[in-house]
Every structure is written in C-alpha cells, then in structure tokens.
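Those sequence lines, one after another, are chains A and G. Residue numbers for the first sequence, in the working numbering: 294 to 573. Residue numbers for the second sequence, in the working numbering: 1286 to 1570. We put the CB at the ideal spot given by N, CA and C, even for glycine.
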Amino acid sequence: MLVSMLLVAFLPFLLFSVLYFKSFLLLRNTGLGDLIFSHTWRPSRGEFGFYPFIIGSIWVTLLAILFSTPICLLTAINVTQYAKKRFLRIMHPVIDILAGLPSVVYGVWGILVIVPFISRYLGPWLGIKTMGYSILAGAFVLSIMIIPFILNIIIEIFNTIPMELKEATLSLGSTKWQMVKHVLLRKALPGIIAAVGFGLARAFGETMAVLMVVGNVIKVPSSVFDPGYTLPALIANNYGEVLSIPQYDSALMFAALLLLVVSLFFNLLMHFFIARYNKY
Amino acid sequence: MKRSLKVEETVFRVLMILSTAFILLILGVIIYSVFEKGMRALSLEMLTHIPEGGYYYGKGGGILNAIVGSMVLAFGATILAFLIGLPVALYINVFLHGKPKLVNLIRFILDLIWGIPSIVYGAFGFTLMVLIGLQTSLLAGIITVTLFILPIMIRSMDEIFRTVPMGLMEASYSLGSNKSELAFKIFTRQSVSGIITAVLLSFGRAIGDAASVLFTAGYTDNLPNSLLEPVATLPLSIFFQLASPVPEVQARAYASALVLTVIILIVSLFSRGLGKRYHKTKINF
C-alpha cells in the first residue's frame, strides 16, 4: 500500500524531472527566452522558436474559455435555481456523456460540422475567405469539450451556497434574479473563477480534437480565421521524426515540459485561491 | 424601476434557457452527426476483419485490429490501475484516518496529477521507453495509460470511501478487526457500486484517449499477440483513416468513430445500471 502510494505521490516530480532532463540539452544551447519568443522553427538547422505554437495555444484556449464560460454560468443558474429538480436528473447524464466522449470523436464532429460551417457560412457571411480549418474551429470544438467540465464544478459550487442565505434575500423582497445577481453570484465568484481556471488548464493541454481542426500551419495567426498550430499538436504530429534530427526530441520534450508547467501552475494557483477564500 | 427589473430578469431567463438548450442540442448534434455519417460506411466486414493490403487506399478489410487492440490495452491498463489504485484509496481512508493534513496534501497532489494533459504522459512514456530500450508496444501503452488513469481511479474511489460511515468503522474495530481487515473486507464491500463506477469511468478514459498511446503503443495492422509488439487503437485508427485522401477511407473513419462512441455509451450506461444494482450489498444507516 505504502509503495503504491509513494509512487503516486512522486509521479509529478518524476514527470517533471524526466522531461526537464530531456529538454536540458536544448535549454543549454538556446536560452529560455530565445526558445519562447523566437519565430523561426527550422528543426533541421537547429532553430527552435516556440512562439507561433505558444500564441496558437493561447488563442485557442482563451477563445474556448470565452465561449464556454457564459454558457456554463447561465446553464448552471438555470439548472440549480430555476428548473425543477427532475430536470437536473436529465442534465446529469447529458453532462456525463459529453464529458465521457473521446477527444477524437469531438475532432471528427468538428471536421463534419464546425469546419464546413465556418468555411461555407460564417466566413462568407463576414466576407472572409477561409478554409474552415482555423483557430476559430479549434476554439469552438474545445469550448464544447470543456463545457461539461466547467459546468459540473459550477453546479457543485452553487449547491454549496447555503439555502438560508437565499431565503433571507428573497424574504427581504428581492426578485429571484436580484437574489442570483447580488447574493448567489457574489458568494460563488471565487469558485466560478477557480472553475474557469481549471477549465483553462484542461483546455491548454487538449491534443487530438484541436489538432484535427486547427489547420496545423506554423505561422503566428493574424486573425481567428487563420489556421494555427498548438503546442500539444506539435508534439503529436512530429514524434515520428524525432530520432532523425538532432535536438528534435529535446525540443518536443521542452514543449511537453511547458504544458506540464502551465497545467501544474494553473491548478496550484486555483487550489490556493480556493483554500485562501475558504478561510474567510 | 420595477419594469426594468422585470425586463432584466426576462432577458436573462431567456438567455439561460437558450444556453441550456444549446448544450442539449450540441449533444444531440454530435451523436446524430456521428451516427448519420458512420452508419453509411459501417458494415459487418469492417467489424470482423483486419485491414488488408492497401486498406488505406480504399481496399477491403476492417478495423478489427483496432477494436481488439483498444480493448486489450484498456483492459490491461484498467486492471493495473485498479491494483495500484485500490490500496492507495484504502490507505488514504483507513490508515491515514485522523491525519487530515496529510490526507488533504495527498488529495491535492492527486488532483494536480489529474490535471496533467495526456500528451505529457505520452511524451513521458516515450522518454522512459527510450531510456530502458523498449520498442513501441502494448506493454509501453498499458504502462502509460495506467499512469494517466490512475488519478481518476484513485480519486473516484476515494470519494466513495469517504462516505463510509464512522459507525461502521467503529463497529468493526470493536469486534476486534485490524486495519487491513477493515479496509479490504468492510470498506470494499460497502462501496462495491462506487468501485464499479470508478473502474468503468477509468476504462472509458483509457479506451478513448489517443494522445498518450500515440508515441507508446504504436500502430499495426495485425491483431495483438504479444506484450512487446505494437498494438492498434481505435482513436488512432480513426485519426489515420481521416488523414487519407480517399473518400471511402474517410467514410470508414466516421464508421470507426461510431464504433468508439457506441462503446463509450455502453460503458456509461453500464456504470449507471450496475451502480444501482449493487446498492443492495450496502448497509444503510
């Protein structure tokens, strides 16, 4: 028991040290700043600039959060405050199934529905020529993927808000919406921020679904209709060639290290945020 | 004042209903589009044959290699994760009972691990493989996926064990049982339904994840027959077939996506059904 336990407890350190050890070669030759802010990606010449990938990842993630947060928030308010109890029982399996669908299936769906929608309707309607495979498509698919994740946390947080607080507000003559706006949302705000933060960390590392619709062009995107490239997609697309080019494996491990650090950082931040808030 | 309040509430009510409907609609659209596209290409041959030569250019054959491969890999990883995860979850709840600080720290670490993207596990597994000189193989795939689903397994079982009532613990101590007996005989029996749900949840994750097996399990057109050989998986098979320029092969990718979706739906239905069934063995206070 103790052995398995220690194994699990040291897993993050193990992950970190192995990835750091592997990317150390690259870090020693090229500085951290150069790696992150350089635009040129020419593995065969030993030039590894991660800037396009980092920007691509940030675009996709932020847009996804932007789409999904209001939807999650409104749905959670509806389900916990307004709708009948029975409805929550319908909603739970829906959330579970959405959360359980594999990312490849989301990717297939993105190719079938989202990409044609953008290239045939949304693009022409806005007067923009686009292939459909774009930052926007990645963000759309990603936002659907993280909806169940964020929604679940927000619903749980709303359920922990004490009933008395809501009843007291209503008994003072406020309308239901006033209660929601001034009491429920205010009381749950730290929890909501944490939920979004967790969603952000999750979205940043999502690989397959985004890879399938984002277009995979190594260029800093100038609009959301441009194709882009994300860090996880970079790792997934190039693992086959790593052994033929020197330092290439080191570069991919550096990308994995970046993902790990971002994920750990956001999760840590949100945990401390919640812990701090719970004290008061 | 009164009127603006009313208008505001109505506007937000409409928005709420719209976003709820949006989520329901999206699920419907996903299931519908996968079924509609997938059913057209799905045939018995696809389910019962391995790819023949030139399969990826539209020749005959099926995806049996990927179906069997995914099953074997997911079963292996789930069993391994269960064997490691159950003791950990029991340890946290029985042996560390009364040390809330340590328990919280462990839960915190587990949550951190849960949040790590699966591609990072893939990269990590790949590095380990290279270090110990292992080829892409079923074994490497199983180990990587085990690491990936371990936090899911432990945390879901942990949540169930937390709900075991104090009274039950005290009763079994007073009858002279030691901690191991309490853990393996009482806690596990009390939580059968929850354990099944945790296992099925992990299985669903294991079978659906592509990023972690991409580097480690490899891909092959044959059925898996050894732990040390590469193995095909459904998510990757979908991915590779989609990359083909031939329309028929792409259609087969949609059919494979349908197969994967159906497996996931069955697993999720089972976990709901079985969870209810084993409630009988539970002692209620």
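For residue i, go through chain G and note every residue whose CB falls closer than 8 Å to its CB, in chain order.
{"i": "K315 (chain A)", "result": "T1412"}
{"i": "I454 (chain A)", "result": "Residues of chain G passing the Cβ test: none, with the nearest at roughly 17 Å."}
{"i": "M501 (chain A)", "result": "A1495, A1496, P1520 and F1524"}
Nearest CA to the CA of residue i: which residue from the options?
{"i": "T1501 (chain G)", "options": "G:V1516, G:N1507 and G:A1366", "result": "G:V1516"}
{"i": "L300 (chain A)", "options": "G:L1358, G:V1292, G:A1366 and G:P1450", "result": "G:A1366"}
{"i": "A544 (chain A)", "options": "A:A568, A:G324 and A:V513", "result": "A:G324"}
{"i": "G435 (chain A)", "options": "A:I511, A:I347, A:I448 and A:T354", "result": "Note on residue identity: the sequence assigns Leu, not Gly, to residue 435 (chain A). Of the candidates A:I511, A:I347, A:I448 and A:T354, the one whose C-alpha sits nearest the C-alpha of L435 (chain A) is A:T354."}
{"i": "A1326 (chain G)", "options": "G:A1540, G:G1400 and G:V1379", "result": "G:A1540"}
{"i": "L1499 (chain G)", "options": "G:V1388, G:G1410 and G:Y1376", "result": "G:G1410"}
{"i": "I1427 (chain G)", "options": "G:T1482, G:I1471, G:T1295 and G:G1407", "result": "G:G1407"}
{"i": "G498 (chain A)", "options": "A:R338, A:T453, A:M472 and A:V554", "result": "A:V554"}
{"i": "S1328 (chain G)", "options": "G:S1553, G:A1538 and G:L1550", "result": "G:A1538"}
{"i": "I512 (chain A)", "options": "A:L527, A:I450, A:T500 and A:M501", "result": "Note that residue 512 (chain A) is Lys in the sequence shown, not Ile. Here the closest residue by C-alpha is A:L527."}
{"i": "D1506 (chain G)", "options": "G:K1470, G:I1480, G:S1403 and G:V1353", "result": "G:V1353"}
{"i": "G1558 (chain G)", "options": "G:P1532, G:I1481, G:L1381 and G:N1510", "result": "G:I1481"}
{"i": "P525 (chain A)", "options": "A:Y414, A:I567, A:Q540 and A:R495", "result": "A:R495"}
{"i": "L312 (chain A)", "options": "A:D542, A:Q374, A:M456 and A:L463", "result": "A:D542"}
{"i": "P1450 (chain G)", "options": "G:V1534, G:L1416 and G:S1476", "result": "G:S1476"}
{"i": "Q374 (chain A)", "options": "A:V489, A:G533, A:V476 and A:G400", "result": "A:V476"}
{"i": "W352 (chain A)", "options": "A:K378, A:S427 and A:L295", "result": "A:S427"}
Measure the CB-CB distance between residue i and residue j and report whether it falls below 8 Å.
{"i": "L1423 (chain G)", "j": "L1545 (chain G)", "result": "no"}
{"i": "S361 (chain A)", "j": "G492 (chain A)", "result": "yes"}
{"i": "W1399 (chain G)", "j": "I1437 (chain G)", "result": "yes"}
{"i": "L1432 (chain G)", "j": "L304 (chain A)", "result": "yes"}
{"i": "P345 (chain A)", "j": "I538 (chain A)", "result": "no"}
{"i": "A504 (chain A)", "j": "I1315 (chain G)", "result": "Note on identity: in this sequence residue 504 (chain A) is Leu, with Ala being the wrong assignment. It is not a contact, given that the beta carbons lie outside the stated cut-off."}
{"i": "S1497 (chain G)", "j": "V1430 (chain G)", "result": "yes"}
{"i": "I407 (chain A)", "j": "F380 (chain A)", "result": "no"}
{"i": "A620 (chain A)", "j": "I1439 (chain G)", "result": "Because residue 620 (chain A) is not part of the residues shown, which for chain A are 294 to 573, the question remains open."}
{"i": "V1388 (chain G)", "j": "A549 (chain A)", "result": "no"}
{"i": "M298 (chain A)", "j": "V1484 (chain G)", "result": "no"}
{"i": "L1508 (chain G)", "j": "I1335 (chain G)", "result": "yes"}
{"i": "I450 (chain A)", "j": "I485 (chain A)", "result": "yes"}
{"i": "G241 (chain A)", "j": "A430 (chain A)", "result": "What is shown of chain A runs 294 to 573, which leaves residue 241 (chain A) out entirely."}
{"i": "A568 (chain A)", "j": "I447 (chain A)", "result": "no"}
{"i": "T462 (chain A)", "j": "L1290 (chain G)", "result": "no"}
{"i": "A1359 (chain G)", "j": "F1488 (chain G)", "result": "yes"}
{"i": "I1434 (chain G)", "j": "L1453 (chain G)", "result": "no"}
{"i": "P483 (chain A)", "j": "Y570 (chain A)", "result": "yes"}
Could you name the residues of chain G that residue i contacts, counting a contact when the two beta carbons are closer than 9 Å?
{"i": "Y375 (chain A)", "result": "R1298, M1301 and I1302"}
{"i": "Y241 (chain A)", "result": "Since the first and last residues shown for chain A are 294 and 573, residue 241 (chain A) lies out of range."}
{"i": "H475 (chain A)", "result": "Near H475 (chain A) there are no residues of chain G at all, since even the closest Cβ is about 12 Å away, more than 9 Å."}
{"i": "F523 (chain A)", "result": "With the sequence shown as reference, residue 523 (chain A) is identified as Thr, and Phe is not the correct amino acid for it. The premise fails here: T523 (chain A) is roughly 10 Å from chain G at the closest Cβ pair, so nothing lies under 9 Å."}
{"i": "R495 (chain A)", "result": "G1400 and P1402"}
To which residues of the same chain is residue i closer than 7 Å at the C-beta, ignoring the five residues directly before and after it?
{"i": "I388 (chain A)", "result": "P441, L444 and N445"}
{"i": "A1425 (chain G)", "result": "G1410, M1414, L1419, T1501 and A1502"}
{"i": "F1542 (chain G)", "result": "Note that residue 1542 (chain G) corresponds to Ala in the displayed sequence, not to Phe. Once the five neighbours on either side are set aside, the close Cβ partners of A1542 (chain G) are V1319, G1323 and I1523."}
{"i": "T423 (chain A)", "result": "I411, S412, G416 and F518"}
{"i": "G420 (chain A)", "result": "none"}
{"i": "V489 (chain A)", "result": "I358, T362 and I443"}
{"i": "F309 (chain A)", "result": "L553"}
For residue i, return the contacting residues in chain G, with the cut-off set at a CB-CB distance below 7 Å.
{"i": "A529 (chain A)", "result": "I1404, A1496 and L1499"}
{"i": "E340 (chain A)", "result": "Correct list: empty, because the minimum Cβ distance to chain G is about 21 Å."}
{"i": "T354 (chain A)", "result": "Neighbours of T354 (chain A) on chain G: none; closest Cβ ~12 Å, over 7 Å."}
{"i": "M546 (chain A)", "result": "A1408 and T1412"}
{"i": "S556 (chain A)", "result": "G1400, I1401 and P1402"}
{"i": "N371 (chain A)", "result": "M1301, I1302 and T1305"}
In its own chain, which residues sit with a C-beta less than 8 Å from the C-beta of residue i, not counting the 5 before and 5 after it?
{"i": "E1337 (chain G)", "result": "K1344, G1345 and G1346"}
{"i": "L1381 (chain G)", "result": "L1387, V1388 and I1391"}
Identify the contact partners of residue i in chain A, using a Cβ-Cβ distance below 8 Å as the criterion.
{"i": "D1396 (chain G)", "result": "N560 and H564"}
Note down, in chain order, every chain A residue with its Cβ under 7 Å from the Cβ of residue i.
{"i": "P1532 (chain G)", "result": "Simply none; closest approach about 13 Å."}
{"i": "F1433 (chain G)", "result": "Going along chain A, no residue has its Cβ under 7 Å from F1433 (chain G), so there is no contact; the nearest lies around 10 Å."}
{"i": "S1318 (chain G)", "result": "W402, L405 and V406"}
{"i": "E1514 (chain G)", "result": "Neighbours of E1514 (chain G) on chain A: none; closest Cβ ~18 Å, over 7 Å."}
Once you ignore the five residues that flank residue i on each side, which residues in its own chain have a CB closer than 6 Å to its CB?
{"i": "N1378 (chain G)", "result": "F1446"}
{"i": "S1529 (chain G)", "result": "Y1341"}
{"i": "A487 (chain A)", "result": "M563, F566 and I567"}
{"i": "A529 (chain A)", "result": "T500 and L504"}
Could you work out which residues of chain A lie near residue i, taking near to mean beta carbons separated by less than 9 Å?
{"i": "Y1342 (chain G)", "result": "Near Y1342 (chain G) there are no residues of chain A at all, since even the closest Cβ is about 20 Å away, more than 9 Å."}
{"i": "S1553 (chain G)", "result": "P386, D389, I390 and G393"}
{"i": "L1290 (chain G)", "result": "T468, W470 and Q471"}
Flag residue i as yes when its Cβ comes closer than 7 Å to any non-hydrogen atom of the ligand FAD, and as no otherwise.
{"i": "A1306 (chain G)", "result": "Among the ligands in the structure shown, none appear at all, so the ligand FAD cannot be discussed."}
Alpha helix (DSSP H) segments (min. 4 residues) lying fully within the segment 364 to 403 of chain A = 378 to 393 and 396 to 402
request  = Could you pull out every unbroken alpha helix (DSSP H) segment of at least 4 residues lying fully inside the segment 1409 to 1437 of chain G, listed in chain order?
outcome  = none
inquiry  = Tell me which residues of the segment 427 to 449 of chain A have at least one Cβ-Cβ distance to chain B shorter than 9 Å, keeping chain order.
reply    = Absence of chain B from the displayed structure is noted, the protein chains being A and G.
key: Contiguous alpha helix (DSSP H) assignments of at least 4 residues, all confined to the segment 485 to 520 of chain A   = 501 to 506
inquiry  = To test your reading of the DSSP string, which unbroken alpha helix (DSSP H) runs of 4 or more residues are found completely within the segment 1314 to 1363 of chain G?
reply    = 1329 to 1333
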